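In this note's numbering, the protein residues as written are 1 to 188.
Please read the structure below before turning to the comments.
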């Protein structure tokens, strides 16, 4: 999609999502919610995933090392793709487009589409679930909280989060069906 068409489409969607963003963003008035979502967002910057990736080989030396490598390579693909999309599509964040939306934490970059936090959270959770179902299920509340935090904190529109979730799920699926078998054959 050419940048001009993307810009016009995002402007139209932004105005239609503004009311939802504004209502959700008002929850920042409640200090416990602001603290919770700020903490979740900070952990979603990568810290929780780094700890899990480093911990998997310790907990399960053979399979854990393989899953950690799969998560690392898949995470790199996630990062490259979302950065490319953000630069190419250049959708401004809600707090930039609408000054009535409060930004509760500093963003990691300028643009909002897609949500990189959501993309990584969904992707990692699904890859981990495919290999360690109990741990994957335990990650669901955290992943959902990361997704919600992006809109609550004024950093993303709901469509940014939805797109991040779809892309993250697709990359997890590709990783499970293509990368994991390749890693298994390469390491055996």
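Backbone N, C-alpha and C fix where the C-beta goes; we use that ideal spot for every residue, glycine too.
Note that the structure is a prediction, hence the values are computed from the model and not measured.
Exercise. DSSP three-state call for residue 132: helix, strand or coil?
Worked result: Position 132 of the chain shown holds residue 132. Looking at residue 132 - three-state DSSP - the assignment turns out to be coil, as it is neither helix nor strand.
Exercise. If you run the structure through DSSP and keep just helix, strand and coil, what is residue 30?
Worked result: Working through the chain shown from its first residue, we reach residue 30 at position 30. Three-state DSSP puts residue 30 in coil, outside helix and strand.
For this session: Locate the alpha helix (DSSP H) running through residue 172, then write down its first and last residues.
Result: Counting from one through the chain shown, the residue named residue 172 turns up at place 172. Start and end: 158-174.
Exercise. So what does residue 92 bridge to, in DSSP terms?
Worked result: As a working mapping, residue 92 is identified with position 92 in the chain shown. 111.
Problem set entry | Under the three-state DSSP convention, the category residue 118 falls into | Here the question's residue 118 lines up with position 118 in the chain shown. In this structure, residue 118 counts as helix in the three-state DSSP scheme.
Exercise. The alpha helix (DSSP H) spanning residue 49 covers which residue range?
Worked result: Against the chain shown, residue 49 aligns to sequence position 49. Per DSSP, residue 49 belongs to the alpha helix (DSSP H) from 48-59.
Exercise. Per the contact definition of three or more C-beta pairs closer than 8 Å, is the region 143-153 in contact with the region 77-84?
Worked result: no
Problem set entry | At least 3 beta-carbon pairs within less than 8 Å: the region 38-48 vs the region 146-161 | yes
Problem set entry | is_contact[residue 82, chain D] using C-beta, thresh 8 Å | Although the question refers to chain D, the structure presented lacks it and comprises just one protein chain.
Problem set entry | Pair within 8 Å by beta-carbon distance, residue 17 and residue 158 | The count along the chain shown starts at 1 and reaches residue 17 at position 17. The count along the chain shown starts at 1 and reaches residue 158 at position 158. Yes; because the gap between Cβ atoms is below 8 Å, this pair is in contact.
Exercise. If residue 104 sits next to residue 28, beta carbons under 8 Å apart, how far is it from one beta carbon to the other, in whole angstroms?
Worked result: In the chain shown, residue 104 corresponds to position 104, counting from 1. In the chain shown, residue 28 corresponds to position 28, counting from 1. 5 Å between Cβ atoms; contact.
For this session: Measure how close the beta-carbons of residue 167 and residue 119 come, nearest whole angstrom, since I'm counting them as under 8 Å.
Result: Your numbering for residue 167 matches position 167 in the chain shown. Your numbering for residue 119 matches position 119 in the chain shown. So it is a contact: roughly 5 Å between Cβ atoms.
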